[in-house]
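Read the structure below first, then the notes.
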Amino acid sequence: MVARDDRRAVDPLIRVNRRQAYEAAQRRRALMVAGVSTVVVLAAAIILVPLAPGWPAVRASFFDASVFAETFPTLLQAFLIDVMIFAWSVPLILGLGLAIALARGARAAALFPLRIFGAIYVDVFRGIPVVLTIYLIGFGIPGLGLPRPWNSPYIWGTVALVLTYSAYVAEVLRSGIESVHASQRNAAICLGLSERDTMRYVILPQAIRRVVPANMNMLVALQKDVALLSFIGPVEILRQAGIYKSLLANFTPYVVAAVIFLLVTVPATRYADHLLNRDRNARS
Amino acid sequence: MPEAKLSLRAVVKSFGDNAVLKGIDLDVAPGEMICLIGASGSGKSTLLRCINQLEPIDDGAVFLEGQDISEPGLDLAPIRRRIGIVFQSYNLFPHMTALDNVLLAPRRVLRGDVAEQRARAEALFDRFGLAPHMLKYPDQLSGGQQQRVAVIRALAMQPEIMLFDEITAALDPELVGEVLQVLRQLRAEGMTMVLATHEMGFAREAADRVCFMDGGVIVEEGPPQEIFSAPKRARTQAFLKAVLR
Ligand SMILES: Nc1ncnc2c1ncn2[C@@H]1O[C@H](COP(=O)(O)OP(=O)(O)O)[C@@H](O)[C@H]1O
Ligand SMILES: [Mg+2]
């Protein structure tokens, strides 16, 4: 230990720098190759795409700058509705997902029905396309003729999203719970902790930490799927873009909507990936 | 003879067709330190896990201060907290500081005054020379330090008896000493202990009684001088010859 440190102190140049020089050269080379190939591809796209026979028409109907400028503020405002639906769905999804995950892990014989219910729940809602769930619940339940606030497509559309996504979150959480080694549970039990306290203080905190990145990705998907509610009523961004499309006979509003989604989802996905990588590095 | 702290009577345990314990009888007096020795797979860990009922036994009985704790259907949490156990692999909770590891069970199970529990935990860290590391997370501690925290965590429940399952087996050789020192300290304080160990030197020096296990039974038991210097049974002789040399 001491000997190695001493050697470094004596001739840091030879030992460390040869390798560093090699790595720096490698990096320079990689950067150059990446730069050149990027320029080539970009140039090809910029030169070749406009040569396509339909390009002027496509540009006029999808990339109209004045339409973009005109519709952007309203669409951004409509997107706030997506964000709102997202915001109140998330706590419900996490809560219900956790409850289902715990129900599926219930050991006691008396809780057997709960376990079965959890399994069926997860199978059903993961097995139906989200759009279909939204249609069935969003049109079906208001069709019962409920009184005023309870016939709102906002509510039942949100419910459909919550039901579907909590099934996914429950599965992710359950895999997290099962990934915590049995020795952790044993250690807690041996200290005299109850099963409940063991789950709450020892297993769950570790499980949740492990599934944060996976659940982040889930939330990004949810943010996008909120737009599916446009099929049953709420004038959120996708529906608003559709209204503009009919009004202006131009598809640019859809591109605006796509850009707005990307502004939110790209940073969120990157952040989730960052978390995932950090975890992977920490554990290896 | 004073009443035994812990008594095992004809304890039998199988995993499927694999009969691991074939009738174990053992009495542990208060303050006694017993070392279980024996080849890998001879059932030492299983025996310890049957004592604190982490594994239910198939037949026989385990008595803690005269109470049959192996009775099927018993609520085990209150019993387990009277029996501390430390494993080879530390099993600290990685998401908590050393102090929180130690405080979790007292807070949730013993309840009582929070400040007093903290003071008691800090005193334990102090006693085993770990006070400077109290607020570190397990991955910031060496193996020896983690294992000592695991011992402190078990002691914080104020157990009547402590079980140790090869707690130095996963440690680098230079860290073994500090953990054995903790055991000596506990022995000096009169803790009743049963430990499975491969540290023959330690067993010889510190144990009150050594039990040699083989084939699911205790083949031979006695004071360490007798077992190590003049083993009577052929199997004991063969084992010691192999490990001591
Ligand atoms: N949970 C278990 N399930 C099945 N077999 C087990 C289990 N635990 C231990 N065994 C078996 O019991 C025997 C004794 O193991 P163990 O008690 O760990 O021995 P030791 O600690 O002396 O090395 C071994 O054959 C082992 O394979
Ligand atoms: Mg073992």
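Heads up: the sequence lines are chains A and B, in that order.
So for the first sequence, the numbering used here puts the first residue at 177; every next one is plus one.
So for the second sequence, the numbering used here puts the first residue at 3; every next one is plus one.
Positions of the beta carbon are idealized from the N, C-alpha and C atoms, including for glycine.
Computed from a prediction, not measured in an experiment: that's the story for all the values here.
- The residue among B/Pro32, B/Glu176, B/Asp19 and B/Ser9 with its C-alpha nearest the C-alpha of B/Arg189 is B/Pro32.
- Spanning the alpha carbons of A/Pro232 and A/Phe239 requires a straight line of approximately 10 Å.
- Residue pairing from DSSP places B/Gly224 in a beta bridge opposite B/Val212.
- Where A/Ser328 is concerned, there is no enclosing alpha helix (DSSP H), because DSSP gives it neither an H nor an E.
- By DSSP's assignment, B/Asp77 forms no beta bridge with any residue.
- Counting along the chain, the unbroken beta strand (DSSP E) around B/Arg11 starts and ends at Leu8 to Phe17.
- A/Met208 is classed as exposed because its beta carbon has fewer than 16 other beta carbons within 10 Å across all chains shown.
- Less than 8 Å separates the beta-carbon of A/Cys366 from that of B/Leu56.
- Between the alpha carbons of B/Gly217 and B/Pro140 lies a gap of roughly 37 Å.
- The beta carbon of A/Leu268 sits closer than 6 Å to those of Val338, all from its chain and outside the five residues before and after it, given in chain order.
- Taking a beta-carbon distance threshold of 8 Å, A/Val378 counts as an interface residue toward chain B.
- Distance from the CA atom of B/Leu94 to the CA atom of A/Asn327, rounded to whole angstroms, is 52 Å.
- A Cβ-Cβ contact shorter than 8 Å links B/Ile169 with B/Val88.
- The closest CA to that of A/Ala383, considering only A/Ser355, A/Ala364 and A/Ala363, is found on A/Ser355.
- About 5 Å separates the beta carbon of B/Asp167 from that of B/Leu50, a gap short enough to meet the 8 Å contact definition.
- Not flagged as an interface residue toward chain A: B/Ile163, since no C-beta distance is shorter than 8 Å.
- Cα atoms of B/Ala205 and A/Ala284: separation of roughly 42 Å, rounded to the nearest angstrom.
- A/Ile365 belongs to the set of residues whose beta carbon lies under 8 Å from a beta carbon in chain B.
- When the beta-carbon positions are compared, B/Met215 and B/Lys46 come within less than 8 Å of each other.
- Boundaries of the beta strand (DSSP E) around B/Asn20: Asn20 to Val30.
- With contacts defined as CB atoms closer than 8 Å, B/Ile59 and B/Val14 qualify as a contacting pair.
- Ranked by Cα distance from B/Asp128, the first of B/Leu112, B/Ser144 and B/Ala100 is B/Ala100.
- Under DSSP, the beta-bridge partners assigned to B/Thr194 are B/Ile163.
- Those residues that bring their Cβ nearer than 5 Å to a heavy atom of ligand 1 are B/Phe17, B/Val22, B/Ser42, B/Gly43, B/Ser44, B/Gly45, B/Lys46, B/Ser47 and B/Thr48.
- B/Ile154: member of the alpha helix (DSSP H) spanning Gly145 to Leu157, first to last residue.
- Residue contact check for B/His97 against chain A: a CB pair falls below 8 Å.
- The beta carbon of B/Asp216 sits no closer than 7 Å to any heavy atom of ligand 2.
- Between ligand 2 and the CB of B/Glu168, the shortest heavy atom gap is smaller than 7 Å.
- With a contact defined as Cβ atoms closer than 8 Å, A/Val298 and A/Ile276 qualify at about 7 Å.
- Here the distance from the Cβ of B/Ala198 to the nearest heavy atom of ligand 2 is below 7 Å.
- Counting along the chain, the unbroken beta strand (DSSP E) around B/Gly62 starts and ends at Asp61 to Leu66.
- B/Phe166 has a beta carbon lying at 8 Å or more from every beta carbon in chain A.
- Judged by DSSP secondary structure, A/Val378 falls outside any beta strand (DSSP E); it is assigned neither H nor E.
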